[in-house]
Each structure stands twice: as structure tokens, then as C-alpha cells.
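Residue numbers (the working numbering): 3 to 153.
No residue lacks a Cβ here, since even glycine has one placed at the ideal position from N, Cα and C.
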């Protein structure tokens, strides 16, 4: 539900303060519900800049994020739309210049297309092939019956 989604967002980003987002207390839902949430964002806790890898501990394999990456993510997830990082600025953020750099397209692997050019979905292609196989089987059976009658 929407309420459940808001609670999950607040659990990660913290409940917005009136300093952070002055308009927040004016929203009807903010007045009707007292949403629980930590007083500040947990993004740094969820995406630390480094984490020791402990063999056999799957929790230690969770993703990490550099300082620039955390700044960009925090900017994109800012509650107040007036203070939120615009998409155009995010697209040129310093995080994208950090290693590892993207590979050149020529070095990327290629795979054969699974699209036959018909514009049909896989399910539609499957149904079409199934119908074609059924008709082919019916034709063979009809031919076999016709040849038996003629004998």
C-alpha cells in the first residue's frame, strides 16, 4: 500500500524534518499519520565506501558506494523537490568519472538477437509456432488417412 511504501522510504531516508522540507508538515497524510523513521538517512550505512569481505558471509558482499556515489544518490533521493539533484546534473556527476570506467563498445561481447523482426512477444511467437506445429501435424495425419482410404 502507499502507507507501507512511505514507511519503507522513511526507514531508509529518515523522516523529513521541517528544516529539510518546510512544506512536508502541510501535506494531509503527514498530519493524519505519525510515520516512524530514523531522524536521518541510513544511505551511508546501507552503502558504505568500503566493506571487508568475509568468506562465507554473504552480507559482506553487499554493494559499496564511493563518497561521490553516495552524494549523487542522496541528491537524487532528496525529499524536497526544490533541493533535489536535477537529472541533467546527475548525468554529468563526478561519480560517473570514477573507476572502473566503462569499456569501449568494441570490447563488449555481442549476442545473437532473439528478435525475429516480427514485433511479436516471445509468448506470441511461442503460440504461433505451436499453432504451426499443430497444423503441420494435422496435415500429416490427413495425408496418412487419405492414403489409407485410397489403398
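*Span of the alpha helix (DSSP H) holding residue 83?*
Within the chain shown, the letter at position 81 stands for residue 83. Segment: none, residue 83 is in no alpha helix (DSSP H) and carries neither H nor E.
*Would you decide whether residue 18 is buried or exposed? Buried here means 16 or more other CB atoms lie within 10 Å of its CB.*
By one-based count along the chain shown, residue 18 stands at place 16. The residue in question, residue 18, is buried, as its Cβ has 16 or more Cβ neighbours within 10 Å.
*Who are the Cβ neighbours of residue 51 in its own chain at under 8 Å, not counting the five residues just before and after it?*
For the purposes of this step, residue 51 is identified with residue 49 of the chain shown, where counting begins at 1. Hits under 8 Å: 66, 67, 68, 69, 72.
*Between which two residues does the alpha helix (DSSP H) containing residue 126 stretch?*
Position 124 of the chain shown holds residue 126. Segment 124-152, the alpha helix (DSSP H) holding residue 126.
*What does a CB cutoff of less than 6 Å around residue 160 pick up in its chain, not counting 5 residues either side in sequence?*
Residue 160 is absent from the structure shown; the chain starts at 3 and stops at 153.
*asked:* Just to confirm, is the Cβ distance from residue 45 to residue 76 under 8 Å?
replied: Taking the first residue of the chain shown as position 1, residue 45 is located at position 43. Taking the first residue of the chain shown as position 1, residue 76 is located at position 74. Contact: yes.
*Taking 8 Å as the cut-off, decide whether the C-beta atoms of residue 35 and residue 5 are in contact.*
In the chain shown, residue 35 corresponds to position 33, counting from 1. In the chain shown, residue 5 corresponds to position 3, counting from 1. In contact: residue 35 and residue 5 (Cβ atoms closer than 8 Å).
*Do you know offhand how far residue 99's Cα is from residue 89's?*
Sequence index remark: in the chain shown, residue 99 carries index 97 (1-based). Sequence index remark: in the chain shown, residue 89 carries index 87 (1-based). Their Cα atoms are separated by approximately 16 Å.
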